[in-house]
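Shown next, in structure tokens, is the structure this report addresses.
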Amino acid sequence: MKLVFATNNKNKIKEVQALLPKEIQLLSLEEIGCTEDIPETSPTIEGNAIQKAEYVKQKYGYDCFADDTGLEVEALDGAPGVYSARYAGEVKSSDANINKLLKELEGEEDRSARFKTVIALHLNGELHTFTGICSGNIIFERKGLQGFGYDPVFQPEGKTLTFAEMSLREKSEISHRALATRQLIDFLTSYRPQI
Ligand code: IMP
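In terms of my numbering, the sequence shown opens at residue 59 and continues consecutively.
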């Protein structure tokens, strides 16, 4: 079975491919000739993941899975959420996004937040979604140099380190993306098509 992972990140593909049964061959967007930006215009994280998976199925005919991630901050009514990448503008600068987040939270006592990843899978005419959530708090200033995005200001619940102070392995044990990916892999590993 050939299945598109709607990304061009070769490392992500390699990681997931290594965990799947051999009968499932993952293809990147590049490998199917999809070089355009896939629209992400939904007002929800789940909607964007579904939109990307359906776009690939409709335009290229391949079964596909796609992911979308956002940071939801309690005191900001769930913002930046689906707008996490462009919170401080279309340039999509993580540094500017963190600055804006820290400013918006000035004087707020409740700094609880959560990362949410949704993976949408379009397979044999059916749509399945898998959600991974990692809860934690936004700290007051950046700590750590690893990772990306909001990692330097996000401290997962029960931990004393931010994501940016953790090794990739430590982060992957608890991260939103890893939790959603594990559900997808469990599903695909035990998948038997209906005849
Ligand atoms: P995407 O859906 O993976 O493109 O993520 C949207 C935005 O959320 C990115 O631009 C990052 O700023 C942020 N983000 C996603 N995943 C993480 C993470 O694991 N740590 C920190 N920030 C993240």
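All residues carry an ideal CB built from backbone N, CA and C; glycine is no exception.
Assigned with DSSP and collapsed to three states, residue 89 falls in helix. Partner residues in the beta bridge of residue 130, as assigned by DSSP, are 138 and 172.
Set against 7 Å, the gap from the CB of residue 233 to the closest heavy atom of the ligand IMP is smaller.
Of all C-beta pairs linking the region 62 to 69 to the region 121 to 130, three or more are shorter than 8 Å, placing the two stretches in contact. Of the other Cβ atoms in all chains shown, fewer than 16 fall within 10 Å of the Cβ of residue 244; this residue is therefore exposed. Beta-carbon to beta-carbon, residue 209 and residue 221 are separated by about 4 Å, close enough to satisfy the 8 Å threshold.
Boundaries of the alpha helix (DSSP H) harbouring residue 114: 103 to 118, taken from the DSSP string. Annotation for residue 143: 150 place their beta carbon closer than 6 Å to its own, counting only its chain and skipping 5 residues before and after. In this structure, residue 130 sits near residue 174, with a CB-CB distance shorter than 8 Å. Contact check for residue 189 and residue 238: beta-carbon distance about 6 Å, within the 8 Å limit, so the pair qualifies. In the three-state reduction of the DSSP assignment, residue 75 falls in the helix class, which pools H, G and I.
For residue 189, the enclosing beta strand (DSSP E) starts and ends at 184 to 196. Fewer than three beta-carbon pairs drawn from the region 69 to 78 and the region 91 to 106 are found closer than 8 Å, and the two stretches are therefore not classed as touching. Between residue 87 and residue 93, the alpha-carbon positions lie close to 7 Å from each other. In chain order, 62, 114, 118 and 120 place their CB closer than 8 Å to the CB of residue 90, counting only its own chain and leaving out the 5 sequence neighbours on each side.
When the five nearest sequence neighbours on each side are left out, no beta carbon in the same chain lies closer than 7 Å to the beta carbon of residue 73. Residue environment: residue 213 is assigned as buried (16 or more neighbouring CB atoms within 10 Å of its CB, all protein chains considered).
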